[in-house]
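Quick note: the sequence shown uses the numbering used here, first residue -7, plus one each step.
Data block below; observations after.
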Amino acid sequence: MEQDSLGPRAPSRLFRMLVSEYITLREIGVKPIAVTLVAPSVAGDVEFLVAANLASREGDTVTITPRGTELLKATPYSWSPVVVSFDAEGLGW
-7 MEQDSLGPRA PSRLFRMLVS EYITLREIGV KPIAVTLVAP SVAGDVEFLV
43 AANLASREGD TVTITPRGTE LLKATPYSWS PVVVSFDAEG LGW
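Below, the structure is given as C-alpha cells:
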C-alpha cells in the first residue's frame, strides 16, 4: 500500500470487477453452473471470470478456481452500485 496525500494508505493496485460478475462468482462458489442454462448477461460475466482465472469452464459446466475462492474470502476494498474493488497486492496478485 502507498500513503495517499489526502488520507489513509491506499492499495497501489486494485482488481476491479462488476458487481454482477462478483455475484456470479459467489453463485459458482456455491454450486457449479451450466452455461447453457444462463441468461446472456450471466454468460458475459462467466467469460470475464474465466479470462481472469477466477472460474474455469469444462464443456458447459463452470466451476470456481482456487483464485476465485481466494477472492471470495477477501474483504472488498471498495464497493459501488456497479463495481467491486479488491487490493490486488493483498491478494498476492
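We put the CB at the ideal spot given by N, CA and C, even for glycine.
Fewer than three Cβ pairs drawn from the segment 68 to 75 and the segment 23 to 41 lie within less than 8 Å of each other, which leaves the two stretches out of contact. Using a 10 angstroms sphere on the CB of Ile56, the tally of other CB atoms reaches 16 or more, which defines it as buried.
Within the same chain, and ignoring the five residues on either side of Thr53 in sequence, the residues whose Cβ sits closer than 7 Å to its Cβ are Pro24, Ala26. Closest by C-alpha distance to Ser33, out of Trp85, Ser77, Thr67, Leu10, is Leu10.
In this structure Glu62 is not in contact with Pro3, their Cβ atoms being roughly 16 Å apart against a cut-off of 8 Å.
Counting only runs of at least 4 residues, the segment 13 to 80 fully encloses the following alpha helix (DSSP H) elements, listed from N- to C-terminal order: 32 to 43, 58 to 65. Ser48 and Gly84 have their C-alpha atoms roughly 20 Å apart. Taking every protein chain shown into account, the CB of Gly51 has fewer than 16 other CB atoms within 10 angstroms, so this residue is exposed.
Looking at the DSSP output, Arg8 sits in a beta bridge with Ser77.
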